[in-house]
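Quick note on this note's numbering: the sequence shown kicks off at 741 and runs consecutively.
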Amino acid sequence: MRLEDLKGRRLGRYEILEVLGRGGMAAVYRARDTVLRRDVALKILYPQYTGDIALVERFQREAVLAAGLDHPNILPIYDVGDADGLVYIAMRLLSGQSFADVLRLHGALAIGELLPIIDQVASALDYAHARQIVHRDIKPANILIEGAEPGGLTLARAILTDFGIAKSLDSAVRGLTATGVLIGTPEYMAPEQIRGGNAVDARADIYALGVLVYRALTGRRPYEGGTEEVLMGHLHGTFALPSSFDSAIPPAIDGVMRTVLARDPAARYQSAGEFARALRSAAGLELPTPPPALRRTSDGRAVVPSVAVGSMGAPALPTVSQATRKGHAAPPYARPATPAPQPRTAERAASPAAWVLLGLVLALIIGGGGLYATGLLRASGNAGVPTSPVAPTPLVATPLPTEQAPAATAIVLPSEAATIEASAPTALAVPTPEPTKAPPRAPTRAPTKAPTKAPTAEPTAEPTAEPTPAPTVTPEPTVPACPIELAAEFELLLGRRSAVRERLGCAAQIRQERGLAEQQFERGAMLWVAGPPDGIGTIYTLFNDRTQGIRSTWQSYEDTWSEGDPIDSGDREPPPGLIEPLNGFGRLWYANQSIADALGWATSAENASNGVMQRFANGRLVYSSLGFGAGPMIYVLYQDGTFEAYPA
């Protein structure tokens, strides 16, 4: 049967309109859902494969699994079924172009233009990995770009496609044992994928994302040539450093690429988010306001961490699905209307024998790769990339090593509260210590004494030259000159604490007045910072458990709770003397068991305060007038995911 023969036919509830694209194992059509009256992308297995019952069952089962991924940067799957002897999967029909098309058009991208795309893909991968699903075929052709402005990609949305199908398709290749099955695209395959076996986990996706970044920055892949050359390159080759191709690429990017493309999975970044953060840090670009998220209704089901913040150190917290602070009544995946501005008040809206293997690999290189469901595939023909999204496979059970970072001062638990000294980082204390308060905005640089002349030397018996004054002393500035003015609330701290100043670098954002909410927990705290008038608030989770020897770390999450939502997100009964978190804190706590386990129960009620926030090259500072009841505090959130607190 020719692909075109299906045009005009009806397959179950779907009327097939046109061919959008084709691959080695399946084709994608534009089809009309006659029940819901909307166009969809219909992926149909070629008829020659439908006689393999095991393949069909696996195809359908894994499609159902992929449909359970609910994330704004992952292609939604609507339906799976069979009709007239054909097996299909219905997916959302996307507009735009693939990232492969973008790169073909531009050749290479500047780091600042690339980072927003990588942030979103990393968010989608961390979400899937937390659910034990590995994509295995990350490449530009499997990322769709929607909403790109004529001037660039800053506001574009990246959609990860072909999730959860390729494994079932590739495993049908004849003549190979299960242990000999290799899944992926050679140019983007991690060494452990090429070797085969069961060692492939989420870190293979991170490696592939690194290859994608290398391609986007330099216009070429780290290993090029024929299939054998590419595969041997991944296994044994050495790649040229990105900065050797373009002097505009920061040299620090070279070190990031060495890490993400390490052959040993344990030597790579251990999460996609960690890789994205390292890229931003190397580029000297702080995370901007994220692009508009797909809006959910006001009963949002989950939350997702902001991509470029936090730490993979213990306790490791998997991500969860993303939503927004404000509910939205538009149909799923429709472009949302502009959200209503939020008032700037302290009130919270009520919250990883090569040549022998090559024979196996070459047997697997079947024409074509993953198809993405887009209306612009019409003229693409055979793209020469794998057929479909990669199969969801469980991560290996071996725990991944955590990121090592400089130790930071721990959050003092309520039982460890002590007098706060201005010269050292302190804990988030309960309201018993007597705080040392300083005016929140008054601190200025300490004046330096004016230089004076040394006294004239006593004359000798012989005539001497006129005595000259001693050289004057040029005062050193307390704070190095930076193009953006430092908020007054932070001048005293950074003037006294040079180590903090050097770690943070220059300010990257002007002073921002924000409403805050704070709540103390058994092993840390939660801090809510209001977003800009038309933005989304952020919840910072601050972790420390001295009994487990864990350093102070932080992560951030978009706040999805809105005024009018239920204040209670669960029904757990706290032990006597402890408190159940409510509102946005409660929603995050209940939605992610790892957070609940890491923090424990709340030990105090949620309190609102006013504050100031300022972003820096390598972190951010938050001034709180409340300080978890201990008086004005400055929270130092370093980009490496560590955390400190100082009295203001």
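Note that beta-carbon positions come from the ideal geometry of N, C-alpha and C, so glycine has one too.
Next on the checklist: Tell me the residue span of the alpha helix (DSSP H) that contains G1235.
Outcome noted: Here the alpha helix (DSSP H) through G1235 covers 1228 to 1236.
Item to check | Rounded distance between the beta-carbons of A767 and L757, thought under 8 Å | outcome: Incorrect: roughly 13 Å between the Cβ atoms, too far for contact.
Next on the checklist: I'd like the ranges of any beta strand (DSSP E) spanning at least 3 consecutive residues and lying wholly in the stretch 815 to 847.
Outcome noted: Counting only runs that start and end inside the stretch 815 to 847, the beta strand (DSSP E) elements of at least 3 residues fall at 817 to 823, 826 to 832.
Checklist entry - Just checking my contact of Y1378 with A1385 at CB under 8 Å: how many whole Å lie between their CB atoms? => result Not confirmed; about 12 Å, so no contact.
Checklist entry - Going straight from the alpha carbon of G852 to that of L795, what length do you get? => result Roughly 43 Å between the two C-alpha positions.
Next on the checklist: Only counting the same chain, and skipping five residues up and downstream in sequence, which positions put a Cβ closer than 8 Å to that of T1278?
Outcome noted: The answer, listed in chain order, is S1046, W1268, V1269, G1271, S1296, Y1297, E1298, D1299.
Item to check | Beta-carbon contacts of F839 that lie in its chain and below 6 Å, excluding the five residues immediately before and after | outcome: Non-local beta-carbon contacts of F839 in its own chain, meaning distances under 6 Å to residues more than five positions away in sequence, involve P880, I883, I885 in chain order.
Next on the checklist: Just to confirm my understanding: we take R1181, look at its own chain, exclude 5 residues before and 5 after, and list those with CB closer than 6 Å. What are they?
Outcome noted: For R1181, the predicted structure reports a pLDDT of 39, less than 50, and the residue's modelled location is therefore unreliable. A value from the coordinates is still provided. A1228, E1229, listed in sequence order.
Item to check | Backbone secondary structure at L1347 - three-state DSSP | outcome: Note on identity: in this sequence residue 1347 is Asn, with Leu being the wrong assignment. The answer is strand: DSSP assigns N1347 an E or B state.
Checklist entry - What is the DSSP secondary structure of E765, counted as helix, strand or coil? => result According to the sequence as given, residue 765 is Met; it is not Glu. Annotated three-state conformation of M765 is coil, per DSSP.
Checklist entry - Leaving out the 5 sequence neighbours to the left and right, which residues in its chain are closer than 6 Å to Y856 when beta-carbon positions are compared? => result One detail in the question is off: residue 856 reads as Pro in this sequence, not Tyr. Excluding positions up to five away in sequence, the list reads T894.
Item to check | Extent of the continuous beta strand (DSSP E) to which S1296 belongs | outcome: Segment 1293 to 1298, the beta strand (DSSP E) holding S1296.
Item to check | Residue closest to M831, alpha-carbon to alpha-carbon, out of G1024, D779, L1256 | outcome: The candidate whose alpha carbon is nearest that of M831 is D779.
Item to check | T1281: first and last residue of the uninterrupted beta strand (DSSP E) it sits in | outcome: 1278 to 1283 is the span of the beta strand (DSSP E), which, as asked, contains T1281.
Checklist entry - If you follow the alpha helix (DSSP H) that V780 is part of, which residue opens it and which one closes it? => result Annotation for V780: no alpha helix (DSSP H) segment contains it, though the beta strand (DSSP E) segment containing it runs 778 to 785.
Item to check | DSSP three-state assignment for S1011, whether helix, strand or coil | outcome: Three-state result, S1011: coil.
Checklist entry - Alpha carbon to alpha carbon, how far is Q1249 from A848? => result Each residue's alpha carbon lies about 28 Å from the other.
Checklist entry - Ends of the alpha helix (DSSP H) at L865? => result Looking at the DSSP string, the run of the alpha helix (DSSP H) that includes L865 is 851 to 870.
Next on the checklist: If I follow the unbroken beta strand (DSSP E) through V996, where does it start and stop?
Outcome noted: DSSP places V996 outside any beta strand (DSSP E); the residue lies instead in the alpha helix (DSSP H), whose first and last residues are 992 to 1000.
Checklist entry - Between which two residues does the beta strand (DSSP E) containing S1364 stretch? => result Run containing S1364: 1359 to 1364, per the beta strand (DSSP E) assignment.
Next on the checklist: Report the CB separation of G1024 from A1239 in whole angstroms; it is logged as a contact under 8 Å.
Outcome noted: About 20 Å; that fails the 8 Å criterion.
Checklist entry - What are the boundary residues of the beta strand (DSSP E) that includes E964? => result Note, E964: premise wrong, no beta strand (DSSP E); not H, not E.
Item to check | Secondary structure of V759, DSSP reduced to three states | outcome: In this structure, V759 counts as strand in the three-state DSSP scheme.
Next on the checklist: Please identify the residue among G761, D773, R1236, R762 whose C-alpha is closest to the C-alpha of R749.
Outcome noted: Comparing alpha-carbon positions, the option among G761, D773, R1236, R762 lying closest to R749 turns out to be D773.
Checklist entry - Given a threshold of 16 other Cβ atoms within 10 Å of its Cβ, counted over all protein chains shown, does N1323 qualify as buried or as exposed? => result Buried, by the Cβ-count rule.
Checklist entry - Excluding sequence positions up to five away, which residues of its chain have a Cβ less than 7 Å from the Cβ of T790? => result These residues qualify, in order along the chain: V796, G825, L826, V827.
Checklist entry - Which of helix, strand or coil does DSSP assign to I1374? => result Look at I1374 here: in three-state DSSP terms it is strand.
Checklist entry - If you compare alpha carbons, which of E1320, A942, A1002 is closest to G1310? => result Check the Cα spacing between G1310 and each of E1320, A942, A1002: the tightest is with E1320.
Item to check | F985 - DSSP class collapsed to helix/strand/coil | outcome: In the structure shown, the three-state DSSP call for F985 is coil.
Next on the checklist: Here's the rule I'm using: 16 or more other beta-carbon atoms within 10 Å means buried, otherwise exposed. How should E889 be labelled?
Outcome noted: It is exposed - the Cβ of E889 has fewer than 16 other Cβ atoms within 10 Å.
Item to check | Spatial distance of V820 from H869 (CA atoms) | outcome: Answer to the nearest angstrom: the Cα atoms are 23 Å apart.
Next on the checklist: To the nearest angstrom, how far is the alpha carbon of A1345 from that of G1317?
Outcome noted: Distance from the CA of A1345 to the CA of G1317, rounded to the nearest whole angstrom, comes to 11 Å.
Checklist entry - What residue range is occupied by the uninterrupted alpha helix (DSSP H) comprising P931? => result Its alpha helix (DSSP H) spans residues 931 to 935.
Checklist entry - What is the rounded straight-line gap between the Cα of S983 and the Cα of A1257? => result The alpha-carbon separation between S983 and A1257 amounts to approximately 43 Å.
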